[in-house]
Amino acid sequence: ELTDDDMDNISAFALGLEGRGLSRRTFNHMRQMFRHKLKLNTEYLMSQRIEFLSGVTPQYFDMCRNSCCLYAGDRIDQHTCEFCNAPRFHPNGKPVSHFSYLPLIPRLRGWFESPEMIKRMNYRNNYDHINGEINDIFDSTHYQELCERQVCIDGQELDHKYFSDHRDIALGGSTDGFQVRPGYMYNII
140 ELTDDDMDNI SAFALGLEGR GLSRRTFNHM RQMFRHKLKL NTEYLMSQRI
190 EFLSGVTPQY FDMCRNSCCL YAGDRIDQHT CEFCNAPRFH PNGKPVSHFS
240 YLPLIPRLRG WFESPEMIKR MNYRNNYDHI NGEINDIFDS THYQELCERQ
290 VCIDGQELDH KYFSDHRDIA LGGSTDGFQV RPGYMYNII
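Take any residue in the sequence shown, note its place counting from 1, add 139, and you have its number in the working numbering.
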């Protein structure tokens, strides 16, 4: 059960994530200014509490300060950006910038452990499409065409159609790419 303090901290944490977010300095200033009304944790304690409550642990990767690349895979041992030559580390050895990745599988597991989310995921099955009207993503031509098409995997047509089972879930995704070179946009999926 979430306490009032948990809810205040989650709201403050979300405020920091919206748009460009609050700078750490502004956030700490806000904590001090409203300490008589709100018991807000430090950014670190908030992230730890949210991680505990959600069961989702972010993974951190060093990245170029100019968002050119992520230092992972073949770039794991690089100390400068191969695109803009920016240093990976400050003189003290700490990374200049990092990328926070929230793994998908633990998030999906969390959805299936929540009765409220299970109910919300059933929205697609309960949605009533009205021909000629677009009120929801499930009214889209693409979705409607999928509902009439047999599922095909590796060229093998199966005996059921997309979204024909009430337990089927339509999972949409939205990504934020990073630009390595002008004119090229990459997504991490």
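Every residue gets a Cβ at the ideal spot worked out from N, C-alpha and C, and that includes glycine.
Under the three-state DSSP convention, the category residue i falls into
i           : result
residue 201 : strand
residue 219 : strand
residue 244 : helix
residue 298 : strand
residue 323 : Any reading at residue 323 must be qualified, since the residue scores a pLDDT of 47, below 50, and its modelled position is unreliable; no value is offered.
residue 150 : helix
residue 330 : Any question about residue 330 goes unanswered here, given that the chain covers just 140 to 328.
residue 207 : coil
residue 281 : helix
Closest residue to residue i among the options (Cα-Cα distance)
i           : options            : result
residue 299 : 274, 290, 237      : 290
residue 196 : 161, 206, 164, 241 : 241
Contact set for residue i: own chain, Cβ-Cβ below 8 Å, skip 5 residues either direction
i           : result
residue 229 : 235
residue 278 : 268, 269, 272
7 Å Cβ shell around residue i - same chain, five flanking residues per side excluded
i           : result
residue 301 : 285, 286, 288, 290
residue 135 : The chain is shown from 140 up to 328; residue 135 falls before or after that span and cannot be answered.
Contacts around residue i, its chain only, beta-carbon distance under 6 Å, and the 5 residues preceding and following it disregarded
i           : result
residue 211 : 200
residue 309 : 263
Inter-residue CB distance, residue i and residue j (contact presumed, cutoff 8 Å)
i           : j           : result
residue 189 : residue 166 : The Cβ separation is near 14 Å, so there is no contact.
Below-8 Å beta-carbon distance, residue i vs any chain D residue
i           : result
residue 286 : Annotation note: the requested chain D is absent from the structure, which comprises a single protein chain.
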